[in-house]
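**Student:**
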Amino acid sequence: MGTVTLGVSIAVPEPYGSYLQRQREGFGDSAAQGIPTHITLLPPTEVDRDALPAVERHLAEVAAGCRPFPLRLEGTDTFRPLSPVVFVKVAEGEEGCAALQARVRAADGPCARELQFPYHPHVTVAHHLDDAAMDRAQRELRDFRATWTIGGFALYEQGADAVWRLEREYPFGPRTATVPRQADLTRPPAPSC
């Protein structure tokens, strides 16, 4: 039945998401229009289309076991010369993002995969541009600040046109309210991611 390219990420909410996307376009990053502003949890990953139900169940289970946590973006940095990327830094919430992506990519799950580089949550604002454009992005967004509470993540699929499209959102916490069994009352609360 073929394969699909999936990604899992935390969307940067409005008005910050659109602002950073416009800035990325303004720096000359032609891919910006097809990439919603985000913090990656699972980088582009090719999977069999038949595996999608298992992926969706896994992501729902991960989200159900998490609680919202604060996130703050502040300032810029770069992965150069190792990788041609300028990004807005995650100044608060880095541990939560790292724990969440580890659960998404769990070795026993359908999204298991190795990463090319160690996980470092960030928001890309310039990628594969000339040095002058990369320097400009790093300089012009160095005073950028945004704060919000992360309440979930989303699954995206990359189309043949290279545009990433939202497939499904996964809010944190259980999907339905239930009365816990007596034995469940002594369990510790779900870990925050």
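Residue 134 in numbering that gives the first Met the number 0 sits at position 135 of the sequence shown; the count goes up by one each step and never skips. Every residue, glycine too, gets a C-beta built ideally from N, C-alpha and C. These numbers come from a predicted model, not from an experiment.
Under 9 Å between the Cβ atoms of residue 149 and residue 74?
**Tutor:** For the purposes of this step, residue 149 is identified with residue 150 of the sequence shown, where counting begins at 1. For the purposes of this step, residue 74 is identified with residue 75 of the sequence shown, where counting begins at 1. Contact flag unset, no.
**Student:** I'd like the list of long-range same chain contacts for residue 116, defined as Cβ closer than 8 Å, with 5 residues on each side in sequence excluded.
**Tutor:** Counting from 1 along the sequence shown, the entry for residue 116 is found at position 117. Contacts found: 78, 81 and 82.
**Student:** State buried or exposed for residue 0, treating a residue as buried only when at least 16 other CB atoms are found within 10 Å of its CB.
**Tutor:** Taking the first residue of the sequence shown as position 1, residue 0 is located at position 1. Exposed.
**Student:** State the Cα-Cα distance for the pair residue 33 and residue 161, rounded to the nearest angstrom.
**Tutor:** By one-based count along the sequence shown, residue 33 stands at place 34. By one-based count along the sequence shown, residue 161 stands at place 162. Taking the straight line from one Cα to the other gives about 7 Å.
**Student:** What do you reckon, are the CB atoms on residue 61 and residue 126 nearer than 9 Å?
**Tutor:** Residue 61 sits at position 62 when you count from the first residue of the sequence shown. Residue 126 sits at position 127 when you count from the first residue of the sequence shown. Result no, Cβ atoms of residue 61 and residue 126 do not sit closer than 9 Å.
**Student:** Check this for me: beta carbons of residue 58 and residue 112, under 9 Å apart or not?
**Tutor:** The residue given as residue 58 occupies position 59 in the sequence shown. The residue given as residue 112 occupies position 113 in the sequence shown. Not closer than 9 Å, so no.
**Student:** Do the CB positions of residue 10 and residue 153 come within less than 9 Å of each other?
**Tutor:** In the sequence shown, residue 10 corresponds to position 11, counting from 1. In the sequence shown, residue 153 corresponds to position 154, counting from 1. Yes; because the gap between Cβ atoms is below 9 Å, this pair is in contact.
**Student:** Express the C-alpha separation of residue 6 and residue 43 in angstroms, rounding to a whole number.
**Tutor:** For the purposes of this step, residue 43 is taken as residue 44 along the sequence shown, with counting starting at 1. For the purposes of this step, residue 6 is taken as residue 7 along the sequence shown, with counting starting at 1. Cα to Cα, residue 43 sits roughly 5 Å from residue 6.
**Student:** Which value, in whole angstroms, describes the spacing of the CA atoms of residue 151 and residue 38?
**Tutor:** Here residue 151 refers to the residue found at position 152 when the sequence shown is read from its first residue. Here residue 38 refers to the residue found at position 39 when the sequence shown is read from its first residue. Using only the alpha carbons, I get a separation of about 12 Å.
**Student:** In whole angstroms, give me the CA-to-CA distance for residue 124 and residue 165.
**Tutor:** As a working note, residue 124 is residue 125 in the sequence shown. As a working note, residue 165 is residue 166 in the sequence shown. Going by the C-alpha atoms only, they are around 20 Å apart.
**Student:** Restricting to Cα atoms, I'd like to know which of 4, 2, 157 and 14 is closest to residue 147.
**Tutor:** Looking up residue 147 in the sequence shown gives position 148. For residue 147, the nearest C-alpha among the options comes from 14.
**Student:** What are the boundary residues of the alpha helix (DSSP H) that includes residue 98?
**Tutor:** To locate residue 98, count along the sequence shown from 1; it is residue 99. 93-103 is the span of the alpha helix (DSSP H), which, as asked, contains residue 98.
**Student:** Given a threshold of 16 other Cβ atoms within 10 Å of its Cβ, counted over all protein chains shown, does residue 138 qualify as buried or as exposed?
**Tutor:** Translated into positions along the sequence shown, residue 138 becomes position 139. Looking at its Cβ environment, which holds fewer than 16 other Cβ atoms inside 10 Å, residue 138 is exposed.
**Student:** What does the alpha-carbon distance come out to for the pair residue 50 and residue 156?
**Tutor:** Walking along the sequence shown from the start, residue 50 turns up at place 51. Walking along the sequence shown from the start, residue 156 turns up at place 157. Approximately 13 Å, taken between the alpha carbons.
**Student:** Thinking C-beta only, is residue 71 closer than 9 Å to residue 145?
**Tutor:** Numbered from 1 along the sequence shown, position 146 holds the residue referred to as residue 145. Numbered from 1 along the sequence shown, position 72 holds the residue referred to as residue 71. In contact: residue 145 and residue 71 (Cβ atoms closer than 9 Å).
**Student:** Tell me whether residue 131 is buried or exposed, calling it buried when 16 or more other Cβ atoms sit within 10 Å of its Cβ.
**Tutor:** The residue labelled residue 131 in the question sits at position 132 within the sequence shown. When all chains shown are included, residue 131 counts as exposed.
**Student:** Please state whether the Cβ-Cβ distance between residue 36 and residue 103 is less than 9 Å.
**Tutor:** In the sequence shown, residue 36 corresponds to position 37, counting from 1. In the sequence shown, residue 103 corresponds to position 104, counting from 1. Contact: no.
**Student:** Starting from residue 167, trace the alpha helix (DSSP H) both ways and give me its first and last residue.
**Tutor:** By one-based count along the sequence shown, residue 167 stands at place 168. Element bounds for residue 167: not the alpha helix (DSSP H) but the beta strand (DSSP E), 163-170.
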